[in-house]
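Numbering (the numbering used here), first residue to last: 3 to 162. Glycine is no exception: its CB is placed at the ideal position from the N, C-alpha and C atoms. Notes follow the structure.
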Ligand SMILES: Cc1ncc(COP(=O)(O)O)c(C=O)c1O
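Structure below.
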C-alpha cells in the first residue's frame, strides 16, 4: 500500500495533517523496530530501548508470545470482561495472586496502561464508598506526570 500525499493518512495522527512513519516489522530478535516513510518508502532500523511509551519490557515479535497469542485467538471469542472470564485469564490471575504472596486476592486485566489507571481510580473511589466514606474523592498526583490518554488518567496528569 502507498499513501498519497494529497489525501494524507487514514489514521488519526497526533497532528491531523501529519503522515507518520509506519512500523513495518522488527529485527534483532525483537530489540529493534523497522520504520518506513510511506512517502519515500525509505526504511530505517531503530533500536527500541523504550518500547512504546516506555512501559513495556517484552521484545517485538517474540515467537513464544506470538505462538501463544495465535493459539489462544483460535479458541477464544470476545466476551465482555465484566460478565465472563476465561480459563487463560483464570490461570494468569491465579499465577499473579500466588506470586504476590498474599498482596493480591484477585486480578483485573486491561488492554493498556491508560485503562489500568482508569480502573485504579474507580476502584479507589469504590473502596471508600463501600466503607461508607463518600468524602474521599480527590486524587493526588505528581507534577509533570503522565498516566495515559483517557479522560480520567489525563485529569490526574500534568497538562498533556
Ligand atoms: C506511568 C504511566 N501510566 C500510564 C501510561 C499509559 O499507558 P498506555 O500507553 O499503555 O495507555 C503510561 C504510558 O506511557 C505511563 O508511563
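Heavy atom of ligand 1 within 6 Å of residue i beta-carbon
i           : result
residue 143 : no
residue 122 : no
residue 105 : no
residue 69  : no
residue 119 : yes
residue 18  : no
residue 57  : yes
residue 149 : yes
residue 157 : no
residue 53  : no
residue 2   : Nothing can be reported for residue 2, as the shown portion of the chain is limited to 3 through 162.
residue 78  : no
residue 116 : yes
Nearest residue (CA-CA) to residue i, options the options
i           : options          : result
residue 21  : 28, 40, 142      : 40
residue 114 : 10, 100, 55, 135 : 55
residue 57  : 118, 136, 140    : 118
residue 77  : 84, 127, 88, 138 : 88
residue 68  : 13, 17, 31       : 31
Which of helix, strand or coil DSSP assigns to residue i
i          : result
residue 97 : helix
residue 35 : strand
C-beta contact flag for residue i and residue j at 7 Å
i           : j           : result
residue 116 : residue 148 : no
residue 35  : residue 52  : no
residue 155 : residue 120 : yes
residue 37  : residue 46  : yes
residue 125 : residue 109 : no
residue 90  : residue 106 : no
Range covered by the beta strand (DSSP E) that runs through residue i
i           : result
residue 28  : 24-29
residue 124 : Premise fails: residue 124 lies in the alpha helix (DSSP H), 115-132, not in any beta strand (DSSP E).
residue 45  : 45-49
Delimiting residues of the alpha helix (DSSP H) encompassing residue i
i          : result
residue 74 : 65-77
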